[in-house]
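Here the sequence shown stands for residues 92 to 474, where the numbers follow this note's numbering.
Note that the Cβ used here is the ideal one computed from N, Cα and C, for glycine as well.
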Amino acid sequence: MRLLFGFLFSLSISLLNGQEKDISGFEFSMDQDYLVDFVRNDSVYLEDNYAVSLRIGLYGEYANHPYLGLPWVREKADAFLIDKLILRSGFSENSRSHNFVFVVNGFSPQHISDEIPEFGEAIDNGYMLADDRPFSSFTGFRSTRRIEGFKRFVHSAIELDLAISTSFTFGFGGLGLAKGVENLFGSSRPDGNLWSRDENKLYPTGQLNPAPLPMMMYSISAEAVIFRPMDKIVFQLRPELNLGYYTNLGIGLDIGKVMNVERHVDNLSYTDTNNPGLIAVNNEFLSLAISAGLMARVIGYNQHLQGFFNKNRADDYTSTMRINRFLLEAYVGVKLQFFKKIEINFSVNRRTPEFNTDSNAQLSWGTLGVKYLIAPEGEGCYN
């Protein structure tokens with residue numbers, strides 16, 4: 092893990108020195124359960140585990156370089172699926188931005204360790220790991236393009252502020268980096284020894300995909316401003332389609348107080364690979380934005396929960412056979428931008444149960460991010 096961080100830091104410095112005009116910013120974001128312990132009702136938090144994520148991002152034209160591989164694939168998919176449709180629909184483009192991120196994310200059952208007294212107490216009270224969600228993770232890269240503009244409706248004076256984001260994600264499931272990230276940043280949680288496979292235990296341990304398996308996803312989302320009661324207060328609809336290891340269709344509503352240069356609400360929710368957040372360099376030395384959102388999602392397939400075509404370890408878990416096909420997700424977040432160079436964001440996230448078993452529960456976690464901005468004020472860099 093230390094070698095990985097060292098390599099990425101060195102790469103970022105070298106790119107910054109050699110390609111300053113093509114780089115508009117960097118980001119470091121993470122999801123951790125302990126970040127929202129302050130909103131939990133119970134006094135013992137060691138069994139409240141669900142999400143872990145790390146994202147290190149590069150923003151600007153360099154993030155769209157074909158040598159990175161994924162931008163080339165995403166461009167081919169964009170040209171085939173949406174670009175001609177957008178150009179023919181009366182959409183007027185104002186700005187375009189790109190990002191390229193390294194992502195590690197993982198999901199776990201409520202208990203990640205059987206070496207603490209709370210695990211034995213839960214077992215005595217009827218808890219079963221086989222009824223909970225399995226351990227799973229993704230490690231890989233994502234290439235994203237965001238287009239902002241407006242659509243003018245024929246035979247009317249209506250103009251709709253519209254942003255369209257597409258991304259292509261590729262990586263592997265079953266690697267061990269998620270456990271390392273969880274242990275590195277999960278300061279108030281025990282060491283997650285149950286992430287490792289142990290055939291001698293009477294309950295399932297280890298990741299759902301025991302060997303590294305390819306995972307890929309193509310995503311498209313839009314942000315359409317439907318109401319602006321005041322200059323910087325925005326209501327927007329957010330339809331979203333994901334195809335691949337997480338196949339689903341969603342529709343969301345975001346409400347927020349935006350910064351001066353923003354036309355859309357920044358989705359400050361979790362750092363999973365299908366989240367199309369936004370950053371723009373404001374024209375004030377101290378800026379504040381607040382947002383909240385709700386998303387309804389219909390699930391077709393989730394490799395994190397079902398495994399790869401229900402093979403591998405899926406039969407060990409009751410949850411993989413009892414998936415809830417309809418989910419609700421919600422978040423509330425805030426971001427502060429200092430001196431047009433540093434931005435800090437934080438959000439509290441919640442999701443309805445993903446499956447239907449006795450061990451199922453409402454799920455909460457926090458997202459914390461830090462960005463370093465290089466672009467001039469008023470120019471966006473994609474998050």
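{"Asked": "Let me know the alpha helix (DSSP H) ranges lying completely inside the segment 248-331, each 4 residues or longer, listed in chain order.", "Found": "268-276"}
{"Asked": "Since Gly469 contacts Val372 with CB under 8 Å, what's their CB separation in whole angstroms?", "Found": "6 Å"}
{"Asked": "I'd like to confirm the pairing. Which residues does DSSP put opposite Val143 in its beta bridges?", "Found": "Gln123 and Gly197"}
{"Asked": "From the DSSP output, in three-state form, read off Ala221 for me.", "Found": "helix"}
{"Asked": "Just mark Ile435 as buried or exposed, buried being the case when its beta carbon has 16 or more other beta carbons within 10 Å.", "Found": "exposed"}
{"Asked": "So does the segment 404-417 actually touch the segment 343-356, counting three or more Cβ pairs closer than 8 Å?", "Found": "no"}
{"Asked": "Do you know how far the Cα of Ile255 is from the Cα of Glu209?", "Found": "46 Å"}
{"Asked": "Counting C-beta neighbours from all protein chains within 10 Å, is the total for Ile317 16 or more, i.e. buried, or is it exposed?", "Found": "exposed"}
{"Asked": "Given a cut-off of 8 Å, decide if Pro225 and Gly264 are closer than it, judged by their beta-carbon atoms.", "Found": "no"}
{"Asked": "May I have a chain-ordered list of the beta strand (DSSP E) segments no shorter than 3 residues that lie completely inside the segment 336-419?", "Found": "337-348, 369-371 and 377-393"}
{"Asked": "Out of Leu464, Phe437 and Phe191, which has the shortest C-alpha to C-alpha gap to Phe430?", "Found": "Leu464"}
{"Asked": "Evaluate contact between the segment 144-163 and the segment 174-183, counting only Cβ atoms and requiring at least three cross-stretch pairs below 8 Å.", "Found": "no"}
{"Asked": "What would DSSP say about Phe430, mapped onto helix, strand or coil?", "Found": "coil"}
{"Asked": "Might you give, ordered along the chain, the residues of its own chain that have their beta carbon closer than 6 Å to the beta carbon of Asp169, omitting 5 neighbours on each side?", "Found": "Thr257"}
{"Asked": "What residue does the alpha helix (DSSP H) around Arg165 start on, and which one ends it?", "Found": "Leu161 to Asp169"}
{"Asked": "With 8 Å as the threshold, decide whether the Cβ of Glu434 is near any Cβ in chain D.", "Found": "Given the protein chain composition of this structure (a single chain), no chain D is represented."}
{"Asked": "Quick one: is Ser312 buried, meaning 16 or more other Cβ sit within 10 Å of its Cβ, or exposed?", "Found": "buried"}
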